[in-house]
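Student:
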Amino acid sequence: MSRYALHHLLVDILGSAAARSGLFSSGWEVFILLNPASGILARPSALAPLLERALAALPDGPGPLPRFCRAAYSHFPGHAVFQVRKAVRRRRGRLLVISCGGDGTHNEVLHGIRQEWEHAGDDVWLLRLPLGSGNDGADVGSLEEGVRRILSSHVVKPVPVYACTTARSASPRWGANVVSVGIDAFVSLVVNRVKARWGGRMPGTWYSTVGDLATLFYELVVPQRPVEVEVVSARERVVLEDLFLIMAFGSSGGRTYGNGKPILPGRENLCLIRHAPLLRRLEVKNLLYRGEHGGRPEVRLLSAERVRIRSRVRLPVQLDGEAWWLGKEEFPLLIERVAAGCYVLA
């Protein structure tokens, strides 16, 4: 089957699962957003076996798309935001948005919901399926699990998100997983460029290789200057100033990024890693990849509701897998946690 024929089958499977769930029998609508260029969706050889397993989870196979279900593609950056905003505004009852893609797609879907929050709130639910090249922000571990959740789940849970604003922001950038500043964001920049050249695909060993190279050469690209980090929690306000290599803020603890790297392995949602000699940096990097970095003297794990970062030089930033440079004139960067930032099918 062609890629687009597989996409149609995916939509039929998800729509049929919704039709057979009692949750959607009384005025509910379902909007399915697909990014055809996203990781698994771009590769028929990767998508086909996932659809076979999803079909096995669907009693009696798929039927025609129910009338309360609609589907749309995201064709360019920002398109998913537009599509989701339109779906939220047009809904007549409660709405479930199913995001089919990777972390970048899920982030745009979140932006669409947050930008229409007055029209959404707890009447718009979200389910993020792991169908991209980066899937740290997905709500389920597989497409098959997603189908089972649609069939069986009748509950929703509020989940935290965070808002990022800069000195020049007209509106916040929203995230649901991890936003970080420093060497890991530099790795994301390089990895994303390599993936773009290879059509969204990248050998698994490449991420580790790029991470090693970034660790070696980061200081040649980014001048090391003291960075001020103001941390506000429910209990206290702390101001820290140091040569930080990584400043990572999660919407909660227990977060991974970079395809499963456990940057926030415990309850704390802020990780600060200070500058260290090269060999110690490599040691910390290897421990971080296993989630065992918390005991190192260079590492501080904290709980935070709000963080303000001030820098005198430009620094790389990554938000839910998307990376860019933040100019020195754009600081301070303010990151604020929103406890019930969206509602997820649980």
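1 is the number of the first residue of the sequence shown in full-length UniProt numbering; add one for each residue after it.
By construction, the Cβ of each residue, glycine as well, lies at the ideal position given by its N, Cα and C atoms.
Because the structure is a prediction, the values reported are computed rather than measured.
1. Going by CA-CA distance only, name the one from GLU322, ALA346, VAL313 that's closest to GLU330.
2. Report buried or exposed for ASP180, applying the criterion of at least 16 other Cβ atoms within 10 angstroms of its Cβ.
3. Look at LEU288 and LYS261 and say whether their C-beta atoms are less than 8 Å apart.
4. Roughly how many angstroms lie between the CA atoms of GLY295 and GLY61, to the nearest whole one?
5. Taking the alpha carbon of residue 380 as the point to measure from, which residue in LEU14, VAL239, SER188 has its own alpha carbon closest?
6. On the DSSP letters alone, give me the boundaries of the beta strand (DSSP E) that ARG274 sits inside.
7. Whole alpha helix (DSSP H) runs in the segment 92–172 with 4 or more residues, listed along the chain?
8. What would DSSP say about ALA339, mapped onto helix, strand or coil?
9. Can you tell me which of the three DSSP states LEU6 falls into?
10. Go through the segment 30–60 residue by residue and report every complete run of the alpha helix (DSSP H) that reaches 4 residues or more, in order.
11. How many angstroms separate the CA atom of PRO265 from the CA atom of ARG43?
12. If we count Cβ pairs, one from each stretch, closer than 8 Å, do we get three or more for the segment 329–344 versus the segment 272–282?
13. Apart from the five residues just before and just after GLY101, which ones in its own chain have a Cβ nearer than 6 Å to its Cβ?
14. Judging by CA-CA distance, which residue of TRP117, CYS69, GLY321 is the nearest neighbour of VAL190?
15. Count the other CB atoms within 10 Å of the CB of LEU122; is the residue buried (16 or more) or exposed (fewer)?
16. Out of curiosity, what's the CA-to-CA distance linking SER311 and ILE32?
17. Which residue marks the beginning of the alpha helix (DSSP H) containing VAL81, and which one marks its end?
18. Can you tell me whether PRO49 is buried or exposed? The criterion is at least 16 other CB atoms within 10 Å of its CB, across all chains shown.
19. Between TRP125 and the rest of its own chain, which residues show a CB-CB distance below 8 Å, the 5 nearest in sequence each way excluded?
20. Closest by CA to GLY182, which one among GLN318, GLY27, VAL161?
21. Give me the Cα-Cα distance between HIS111 and VAL88, rounded to the nearest whole angstrom.
22. Rounded to whole angstroms, what's the CA-CA distance from PHE244 to GLU144? Just pull it up for me.
23. Would you say VAL299 and CYS271 are within 8 Å of each other, going by their C-beta atoms?
24. I'd like to check one pair, ARG53 with LEU151: are the Cβ atoms closer than 8 Å?
25. Below 8 Å on the Cβ atoms is my guess for residue 349 versus ASN269; work out the distance and round it to an integer in Å.
26. For GLN224, which residues does DSSP report across the bridge?
27. Which of helix, strand or coil does DSSP assign to GLU283?
28. How about ASP136 and ASN177: do their beta carbons lie closer than 8 Å?
29. Do LEU326 and THR105 count as a contact pair if the criterion is CB distance below 8 Å?
30. With C-beta atoms as the reference, is MET247 less than 8 Å away from VAL221?
Tutor: Inspection of the coordinates gives the following:
1. Translated into positions along the sequence shown, residue 330 becomes position 330. For GLU330, the closest of GLU322, ALA346, VAL313 by C-alpha to C-alpha distance is VAL313.
2. Along the sequence shown, read from residue 1 onward, the residue named residue 180 stands at position 180. Residue identity differs from the one stated: residue 180 is Ser in this sequence, not Asp. Result: buried.
3. Taking the first residue of the sequence shown as 1, we reach residue 288 at position 288. Taking the first residue of the sequence shown as 1, we reach residue 261 at position 261. Going by C-beta atoms, LEU288 is nearer than 8 Å to LYS261.
4. If you number the sequence shown from 1, residue 295 lands on position 295. If you number the sequence shown from 1, residue 61 lands on position 61. For GLY295 and GLY61, the distance between alpha carbons rounds to 50 Å.
5. With the chain covering only 1 through 346, there is no way to say anything about residue 380.
6. To locate residue 274, count along the sequence shown from 1; it is residue 274. 270–274 is the span of the beta strand (DSSP E), which, as asked, contains ARG274.
7. The segment 92–172 contains these whole alpha helix (DSSP H) runs: 103–115, 143–152.
8. As a position in the sequence shown, residue 339 is number 339, starting the count at 1. Note: ALA339 maps to strand in three-state DSSP.
9. One-based indexing of the sequence shown puts residue 6 at position 6. Looking at LEU6 - three-state DSSP - the assignment turns out to be helix.
10. Taken in chain order, the complete alpha helix (DSSP H) segments of 4 or more residues contained in the segment 30–60 are 44–56.
11. For the purposes of this step, residue 265 is identified with residue 265 of the sequence shown, where counting begins at 1. For the purposes of this step, residue 43 is identified with residue 43 of the sequence shown, where counting begins at 1. Taking the straight line joining both Cα atoms gives about 32 Å.
12. Taking 8 Å as the limit for Cβ pairs, the verdict is that the segment 272–282 does not touch the segment 329–344.
13. Within the sequence shown, residue 101 is the residue found at index 101, counting from 1. So the list reads ASN35, SER38, LEU131, GLY132, once near-sequence residues are dropped.
14. For the purposes of this step, residue 190 is identified with residue 190 of the sequence shown, where counting begins at 1. Answer by Cα proximity: GLY321.
15. Residue numbering aside, residue 122 sits at position 122 when the sequence shown is read from its first letter. Inspection of the sequence shows that residue 122 is occupied by Asp rather than by Leu. Sixteen is the threshold: since fewer than 16 other Cβ atoms of the shown chains lie within 10 Å of the Cβ of ASP122, the residue is exposed.
16. The residue given as residue 311 occupies position 311 in the sequence shown. The residue given as residue 32 occupies position 32 in the sequence shown. One Cα belongs to SER311, the other to ILE32, and the distance between them is close to 41 Å.
17. Position 81 of the sequence shown, counted from the start, is the residue given in the question as residue 81. Segment 79–90, the alpha helix (DSSP H) holding VAL81.
18. Position 49 of the sequence shown, counted from the first residue, corresponds to residue 49. PRO49 comes out exposed.
19. On the sequence shown, residue 125 is found 125 positions in, with the first residue counted as 1. So the qualifying residues of the chain are ARG94, LEU95, LEU96, VAL97, VAL156, TYR343, VAL344, LEU345.
20. Along the sequence shown, read from residue 1 onward, the residue named residue 182 stands at position 182. Out of GLN318, GLY27, VAL161, GLN318 has the C-alpha closest to the C-alpha of GLY182.
21. Counting from 1 along the sequence shown, the entry for residue 111 is found at position 111. Counting from 1 along the sequence shown, the entry for residue 88 is found at position 88. Rounded to whole angstroms, HIS111 to VAL88 spans 12 Å at the Cα level.
22. Position 244 of the sequence shown, counting from 1, holds the residue named residue 244. Position 144 of the sequence shown, counting from 1, holds the residue named residue 144. Between PHE244 and GLU144, the C-alpha separation is close to 41 Å.
23. Taking the sequence shown and counting its residues from 1, one reaches residue 299 at position 299. Taking the sequence shown and counting its residues from 1, one reaches residue 271 at position 271. Contact flag set, yes.
24. Here residue 151 corresponds to residue number 151 of the sequence shown, with the count starting at 1. Here residue 53 corresponds to residue number 53 of the sequence shown, with the count starting at 1. Not closer than 8 Å, so no.
25. Examination of residue 349 is not possible in this model, given that the chain is present from 1 through 346 alone.
26. Position 224 of the sequence shown, counting from 1, holds the residue named residue 224. DSSP lists no partner for GLN224.
27. Position 283 of the sequence shown, counted from the start, is the residue given in the question as residue 283. In the structure shown, the three-state DSSP call for GLU283 is helix.
28. Taking the first residue of the sequence shown as position 1, residue 136 is located at position 136. Taking the first residue of the sequence shown as position 1, residue 177 is located at position 177. In this structure, ASN177 lies closer than 8 Å to ASP136 by Cβ.
29. Position 105 of the sequence shown, counted from the start, is the residue given in the question as residue 105. Position 326 of the sequence shown, counted from the start, is the residue given in the question as residue 326. No, the Cβ-Cβ distance between THR105 and LEU326 is not below 8 Å.
30. The residue labelled residue 247 in the question sits at position 247 within the sequence shown. The residue labelled residue 221 in the question sits at position 221 within the sequence shown. Cβ atoms of MET247 and VAL221: not closer than 8 Å.
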